[in-house]
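Enquirer: Heads up: the sequence shown begins at 1 in my numbering, then just goes up one per residue.
Shown below is the structure under consideration.
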Amino acid sequence: MKSIKMLADSSKRFIKELLAANEVYRKECEEAQAYNAVTKNDKLDQAEQNRVTQLYHLKEVFLDSKKAARNLTAEYLSGKFTMTLSPEDEATLNNLSKIKLSESEMRLHYEKYRNHPLALRRLQTIATENDVAIHNSALAEAISGNLQDYDYYQSIYSDFESSCDQSLAEIEHINPLRFGEYDQIIVDVCINTVDNSAESAEKEFSKLEGVANV
């Protein structure tokens, strides 16, 4: 989903650019050591000011992207969960509720309504009420996945967002004056956390798109 990729990319870009800014800060501090006390302190103060300004800028850019991604997610979910059934679909589903459907017939109707959560909820109800046995695990998961409500998917996205925030906070805590092997491990873990969290969120949201191979 576009908003998930947007936030994941913004998070990794923040990490990359903050590490680059820290490297510049370290070099400026090292170069300052060659001057007398007064000049050295002035250069160290300037280096610190530059670092703080850059960090503030990076945070502002990330927060703007985070807000945009959150709005996209809200818009997407709102659209999904306020979809209405056409009179034709309503009539079709009502008729289906009155007959015994086979698993293959359920698959055909799933394909027809795979992008419509409300219709898929109705299909699940029809399958349950008519005791339709669905042996295809992918089909069963695809249909039941659409029984989750708006709040469920909003919480999935919020968890992903929190995971990104926590990863960025870890990077901020790295001492800008030194960067060793342990710090690189922290960076790798944080990037992997962002990627894995994005993949997990994408997997859940894909259920709303009916992308399962059934």
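Think of the CB as a built atom: it goes at the ideal place given N, C-alpha and C, for glycine as much as any other residue.
Here the structure is a predicted model, which is why all the values come from computation and not from measurement.
Between Thr193 and the rest of its own chain, which residues show a CB-CB distance below 8 Å, the 5 nearest in sequence each way excluded?
Expert: Ser163, Gln166 and Ser167
Enquirer: To the nearest angstrom, report how far apart Ala37 and Thr73 are at their CA atoms.
Expert: Cα-Cα distance, rounded: 53 Å.
Enquirer: Quick one, which of Tyr157, Val61 and Leu208 has its alpha-carbon nearest Tyr200's?
Expert: Checking the sequence, you will find Ser at residue 200 rather than Tyr. Selected option, being the one with the closest Cα: Tyr157.
Enquirer: Residue range of the alpha helix (DSSP H) that Met6 falls in?
Expert: Lys2 to Ala32
Enquirer: Can you tell me the Cα-Cα spacing of Ala34 and Ser78, whole angstroms?
Expert: Cα to Cα, Ala34 sits roughly 60 Å from Ser78.
Enquirer: In whole angstroms, what is the alpha-carbon distance linking Glu172 and Arg51?
Expert: 12 Å
Enquirer: For the candidate residues Tyr150, Glu129, Ser86 and Pro176, whose alpha-carbon lies nearest to that of Leu18?
Expert: Pro176
Enquirer: Pick out the complete alpha helix (DSSP H) segments inside the region 33-109, 4 residues or longer, and give them in chain order.
Expert: 37-81 and 87-96
Enquirer: Given a threshold of 16 other Cβ atoms within 10 Å of its Cβ, counted over all protein chains shown, does Gln124 qualify as buried or as exposed?
Expert: buried
Enquirer: Counting Cβ pairs closer than 8 Å, one from the region 88-100 and one from the region 52-61, do we hit at least three?
Expert: no
Enquirer: So does the region 84-94 actually touch the region 39-50, counting three or more Cβ pairs closer than 8 Å?
Expert: no
Enquirer: For Glu161, count the other beta carbons within 10 Å of its own beta carbon; 16 or more makes it buried, fewer makes it exposed. Which is it?
Expert: buried
Enquirer: Between Thr39 and Ala32, what straight-line distance do the alpha-carbon atoms span, to the nearest angstrom?
Expert: 8 Å
Enquirer: Looking at the unbroken alpha helix (DSSP H) that takes in Ile186, where does it start and where does it end?
Expert: Counting along the chain, the alpha helix (DSSP H) containing Ile186 begins and ends at Glu181 to Phe205.
Enquirer: Which of the three DSSP states, helix, strand or coil, is assigned to Asp159?
Expert: helix
Enquirer: Where does Arg114 sit, in a helix, a strand or coil, going by DSSP?
Expert: coil
Enquirer: In whole angstroms, what separates the C-alpha of Lys203 from that of Phe81?
Expert: 18 Å
Enquirer: Return the CA-CA distance between Arg121 and Arg114, expressed in angstroms with no decimal places.
Expert: 11 Å
Enquirer: Going by CA-CA distance only, name the one from Arg178, Asn94 and Asp188 that's closest to Asn130.
Expert: Ranked by how close their Cα comes to the Cα of Asn130, the residues Arg178, Asn94 and Asp188 have Asn94 in first place.
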